[in-house]
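Residue numbers (this note's numbering), protein chains in the order written: chain Z, 1 to 316; chain L, 1001 to 1226. By construction, the Cβ of each residue, glycine as well, lies at the ideal position given by its N, Cα and C atoms. None of these values were measured; they are calculated from a predicted model. A quick write-up on the structure given underneath.
Okay, here's the thing in structure tokens:
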């Protein structure tokens, strides 16, 4: 009689593999709906842990967009001394326009400056009493995306050396402040994402561990009838995924609610700077990433808990 | 598949020696009863066969293979060659009798069309086909134990191991259960039954191995039954 090799399995058909997964999905949904209060508690805990970094991610994305919008205005203004002939700023404007990295150049004559001031200041009638125009000519230049803030400073320095220049103002302070705030938000985002992500993993792991404890008999039976480690762990990994996904849905809802709450004041704030509000990051990709992060964290917790528990049992 | 224990010693971490230099050969297709009082080493003997435990010294051979050499990842496949029956039954309460019996086939990845046929055959062999759709809680203790036996044989194991399978049953039901084991032994399955009920096993006419404090202290009955 041919020797039976006692550790070699027949190959499993794919249909059996998919059937197992289908059965586990059904069992998992039945398990979580059967303990809905516990499930909701876990979803809320993981949801809060995911909502904070998700909100910070959106804040960072929007600061980045705002920085991009402000960057479009990055440049400098050159103010001339009163009485300097107009050909001086005209020469400088031509020179700047020819320089690498300079996007646009505007020349504002003293008359144009006075007209604009009259329109914007609301004291047009008072200005009519002046005998001479006190405003100097000025040249404003903006740079393209290839020029750094240091590059802007160098261009401004070069412009300051032109004849008749009184002052040069580089418009970068807002951008630098925004950059600093953005850096803080990015660091905060990663730190909180790591801490709260670990919290989500631990929450999923602790809950899955309780599920394993309540199903120890089943685990023992499965082991005795020849179930492999993957087969035994599969229901618990699915359970972790469901906890994580549910938490991510709660987080998405929380962030949506937050945005709804802040949208009105934000629209008014942006309008005061002459800008339309277009929220960055709150799109299908954001939602898919959030759901994926939730599922991965849930599965990680379940994997750690099931591995540790099964190792301790020494069964599977 | 034959079984052989060669000078097997099993000592636990607390110093208890559950088996002391046990050597025994159980031929393919035989039926053997392990008897002895509580703590004699019967369950340890079965756990070593299932590789739930490993011997401290000596070797356990199944089909002439030292099972200590089976890699951890291959253990589930090895266990699929064994049918296991325990005293407390260990049926899954939330699943029907049919699903409980089908469990080893699910684990082995049996095709759906074969699964239904084999589960019906296994339930038929223990006269419980009519109760396939019921839940374990709806059955009597004797019926539940017969379901466990159906689950143990549904995968057509080469070896059937039972640890106190009649522990909770009255004498009539106990004889019914043991007769079921005989039926599987009759078709060539190697059967090892651990039982403290010496009166019951004495009437079965099979080989009886008596353990006491981890040692074989007596053997009787037919030595190569089958």
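Counting only residues of its own chain and dropping the five nearest sequence neighbours on each side, residue 1146 of chain L has a CB closer than 6 Å to the CB of 1126 and 1128.
The segment 76-111 of chain Z contains, as complete alpha helix (DSSP H) runs of 4+ residues, the segments 87-97 (chain order). Here residue 1153 of chain L really is in contact with residue 1083 of chain L; their C-beta atoms are around 5 Å apart, less than 8 Å. By the neighbour-count criterion, in which a residue is buried when 16 or more other Cβ atoms sit within 10 angstroms of its Cβ, residue 1086 of chain L is buried.
In this structure residue 36 of chain Z is exposed. Its beta-carbon is surrounded by fewer than 16 other beta-carbon atoms within 10 angstroms.
Comparing C-alpha distances from residue 1054 of chain L to each of L/1040, L/1063, L/1039 and L/1071 shows the shortest one belongs to L/1071. Using a Cβ distance threshold of 8 Å, residue 1001 of chain L and residue 1081 of chain L count as a contacting pair.
Apart from the 5 residues on each side of it in sequence, residue 182 of chain Z sits with its Cβ closer than 7 Å to the Cβ of 60, 63, 64 and 67 in its chain, given in chain order. Each residue's CA atom was taken as its position, placing residue 134 of chain Z and residue 120 of chain Z some 16 Å apart. When DSSP states are grouped into helix, strand and coil, residue 65 of chain Z belongs to the helix group.
For residue 15 of chain Z, the neighbours in chain L by C-beta distance under 8 Å run, in chain order, 1111 and 1112. By the criterion of at least three beta-carbon pairs nearer than 8 Å, the segment 200-215 of chain Z is in contact with the segment 237-248 of chain Z. Closest in C-alpha terms to residue 105 of chain Z, from the list Z/77, Z/118 and Z/131, comes Z/77. At a cut-off of 8 Å between C-beta atoms, residue 231 of chain Z counts as an interface residue with respect to chain L. Residues of chain Z whose Cβ lies closer than 7 Å to the Cβ of residue 1084 of chain L are, in chain order, 224. For residue 143 of chain Z, the uninterrupted beta strand (DSSP E) segment begins and ends at 138-143. Nearest neighbour of residue 1187 of chain L by Cα position, chosen from L/1193, L/1142, L/1029 and L/1150, turns out to be L/1029. Per the Cβ contact rule, the segment 1049-1063 of chain L is not in contact with the segment 1199-1218 of chain L (fewer than 3 Cβ pairs under 8 Å).
Assignment of residue 1023 of chain L by DSSP, reduced to helix, strand and coil, places it in the strand class. The beta carbon of residue 1205 of chain L lies closer than 6 Å to none in the same chain, with the five residues before and after it left out.
Interface criterion not met: the Cβ of residue 1185 of chain L is under 8 Å from no Cβ in chain Z. Among the CB atoms of chain Z, none fall inside 8 Å of the CB of residue 1145 of chain L.
Here the alpha carbons of residue 236 of chain Z and residue 212 of chain Z stand approximately 7 Å from one another. Residue pairing by DSSP places residue 1160 of chain L opposite L/1083 and L/1191 in a beta bridge. Ranked by Cα distance from residue 163 of chain Z, the options Z/137, Z/143 and Z/171 are led by Z/137. In this structure, DSSP gives residue 1001 of chain L a state outside helix and strand, which the three-state scheme calls coil. Assignment of residue 1131 of chain L by DSSP, reduced to helix, strand and coil, places it in the helix class. Residue 253 of chain Z counts as exposed, since fewer than 16 other C-beta atoms from the protein chains shown sit within 10 angstroms of its C-beta. Under the three-pair Cβ rule at 8 Å, the segment 223-236 of chain Z does not count as touching the segment 1014-1021 of chain L.
Residue contact check for residue 150 of chain Z against chain L: no CB pair falls below 8 Å. Ranking Z/44, Z/271, Z/286 and Z/92 by CA distance to the CA of residue 159 of chain Z puts Z/92 first.
Assigned with DSSP and collapsed to three states, residue 227 of chain Z falls in coil, not helix or strand. The beta carbon of residue 255 of chain Z sits closer than 7 Å to those of 51, 54, 55 and 58, all from its chain and outside the five residues before and after it, given in chain order. By the Cβ test, the segment 1098-1109 of chain L is in contact with the segment 1153-1170 of chain L, since at least three Cβ pairs between them sit closer than 8 Å.
A residue is called buried when at least 16 other Cβ atoms come within 10 angstroms of its Cβ; residue 154 of chain Z does not meet this threshold and is exposed.
Short of 6 Å from the beta carbon of residue 1061 of chain L, and not among the five residues preceding or following it, lie these beta carbons of its own chain, in chain order: 1004.
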